[in-house]
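Heads up: the structure comes next, in structure tokens.
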Amino acid sequence: MSKLHTKLIFGGSFDPIHLGHLQHIESLKQEFDPCEAILLPNALSPLKQKQFCLPEQRLRCLELAVAQSPNLQLDTRELKRQEPSYTLLSLQEFANESPHDSRIFVLGMDSLIHLDRWYKWRELFDYANLLVLNRPGYNRVLAPELRDFLAPRQVDSANALSQTEAGRIAFIQQQEIPISSSQIRDYLVSQPKHPDLKRWLPKSVYDYIQAEGIYQL
Numbered sequence: 001m002s003k004l005h006t007k008l009i010f011g012g013s014f015d016p017i018h019l020g021h022l023q024h025i026e027s028l029k030q031e032f033d034p035c036e037a038i039l040l041p042n043a044l045s046p047l048k049q050k051q052f053c054l055p056e057q058r059l060r061c062l063e064l065a066v067a068q069s070p071n072l073q074l075d076t077r078e079l080k081r082q083e084p085s086y087t088l089l090s091l092q093e094f095a096n097e098s099p100h101d102s103r104i105f106v107l108g109m110d111s112l113i114h115l116d117r118w119y120k121w122r123e124l125f126d127y128a129n130l131l132v133l134n135r136p137g138y139n140r141v142l143a144p145e146l147r148d149f150l151a152p153r154q155v156d157s158a159n160a161l162s163q164t165e166a167g168r169i170a171f172i173q174q175q176e177i178p179i180s181s182s183q184i185r186d187y188l189v190s191q192p193k194h195p196d197l198k199r200w201l202p203k204s205v206y207d208y209i210q211a212e213g214i215y216q217l
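Printed below as a string of structure tokens:
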């Protein structure tokens, strides 16, 4: 089968966005080249009860990061919603907008193991393919119902996802990048001038966070 026009959709809180996120995105852009890469930040995850900065501050961090990343688009539809961010709603919209594209929603293994807690999770496959970043430290141990649902939809090659609009799942091994948003937030509270922060954050994002005192008590 021939490759379809491909959209890589990266969802998450990005609270804050860091160089680990951007390195993973760049790696996958090269894997699926040519493709569109879309950053889809959520406003309020139904599975996360706390946000650590104001939505407009997080949006500004994302805008600064995307400005330094060629061919990365920022999609703010979920930030504009007043209700919790259900991934299904966004994927339905992407499918309506681009019905003939391969729509690939990217998530980590840490999210996949809880996929059966997502809103109408089975219907995600009606509107997109799923690409799972198989990170070291996460064993692929899934609930039986989830495992049995995914098994017939799995393909061996990540690139095979580009041959269909929706309905498939693939796993791809990604090099571990020892950066996490939670660790960055912890440092910004306890050691806001920690030298690692400059290594983990895009310079423009670091400068903005320091100037605004974001995440700091």
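In our numbering, the protein residues as written are 1 to 217. Ideal Cβ positions, reconstructed from N, Cα and C, are used throughout, including at glycine. Quick caveat: nothing in here was measured; it's all calculated off a predicted structure.
Item to complete: Please check the pair Ile17 and Val205, which I expect to be a contact at CB under 8 Å, by giving their CB distance rounded to whole angstroms.
Response: The sequence position of residue 17 within the sequence shown is 17, counting from 1. The sequence position of residue 205 within the sequence shown is 205, counting from 1. About 7 Å separates the CB atoms of Ile17 and Val205; that is less than 8 Å, so the two are in contact.
Discussion item. By DSSP's criteria, Glu36 is part of a beta bridge. Which residues make up the other side?
Written reply: By 1-based counting over the sequence shown, the position of residue 36 is 36. Note: Glu36 sits in a beta bridge opposite Lys7.
Practice prompt. Just the C-alpha distance for Val155 and His114, rounded to the nearest angstrom, thanks.
Written response: If you number the sequence shown from 1, residue 155 lands on position 155. If you number the sequence shown from 1, residue 114 lands on position 114. Approximately 20 Å, taken between the alpha carbons.
Practice prompt. Can you give me the Cβ contacts of Ser2 inside the same chain, cut-off strictly under 8 Å, excluding the 5 residues immediately before and after it?
Written response: For the purposes of this step, residue 2 is taken as the residue at position 2 of the sequence shown. Cβ within range, chain order: Gln163.
Worksheet item: Considering only C-alpha positions, which residue in the set Ala128, Glu212, Lys80, Leu62 is nearest to Leu88?
Response: The sequence position of residue 88 within the sequence shown is 88, counting from 1. Considering only alpha carbons, the answer is Ala128.
Worksheet item: In angstroms, rounded to a whole number, what distance separates the CA positions of Asn134 and Gly20?
Response: Taking the first residue of the sequence shown as position 1, residue 134 is located at position 134. Taking the first residue of the sequence shown as position 1, residue 20 is located at position 20. Straight-line Cα distance between these residues: approximately 15 Å.
Fill in: CA nearest to the CA of Phe94, picked from Val66, Leu54, Ala166, Ala158
Taking the sequence shown and counting its residues from 1, one reaches residue 94 at position 94. The shortest Cα separation from Phe94 among Val66, Leu54, Ala166, Ala158 belongs to Ala166.
Worksheet item: Do you know how far the Cα of Ser102 is from the Cα of Leu161?
Response: Position 161 of the sequence shown, counted from the first residue, corresponds to residue 161. Position 102 of the sequence shown, counted from the first residue, corresponds to residue 102. Spanning the alpha carbons of Leu161 and Ser102 requires a straight line of approximately 7 Å.
Item to complete: Count the other CB atoms, across all protein chains shown, that sit within 10 Å of the CB of Leu54; report buried if there are 16 or more and exposed otherwise.
Response: Here residue 54 refers to the residue found at position 54 of the sequence shown. That one is exposed.
Discussion item. Going by beta-carbon coordinates alone, are Leu146 and Asp110 separated by less than 8 Å?
Written reply: Translated into positions along the sequence shown, residue 146 becomes position 146. Translated into positions along the sequence shown, residue 110 becomes position 110. No, they are not a contact pair.
Worksheet item: Taking C-alpha atoms, which residue in Ala143, Pro178, Ile172 lies nearest to Trp200?
Response: As a working note, residue 200 is residue 200 in the sequence shown. The shortest C-alpha separation from Trp200 is found at Pro178.
Worksheet item: Going by C-alpha distance, which of Leu4, Asp75, Leu131, Ala143 is nearest Leu59?
Response: Residue 59 sits at position 59 when you count from the first residue of the sequence shown. The residue with the shortest Cα to Cα distance from Leu59 is Asp75.
Practice prompt. Return the CA-CA distance between Asn96 and Ala37, expressed in angstroms with no decimal places.
Written response: Start at 1 with the first residue of the sequence shown, and residue 96 comes out as number 96. Start at 1 with the first residue of the sequence shown, and residue 37 comes out as number 37. Spanning the alpha carbons of Asn96 and Ala37 requires a straight line of approximately 18 Å.
Worksheet item: Which ranges would you report for the alpha helix (DSSP H) in the region 128-174 if only whole runs of at least 4 residues count?
Response: Entirely contained in the region 128-174, the alpha helix (DSSP H) runs reaching 4 residues are, in chain order, 144-150.
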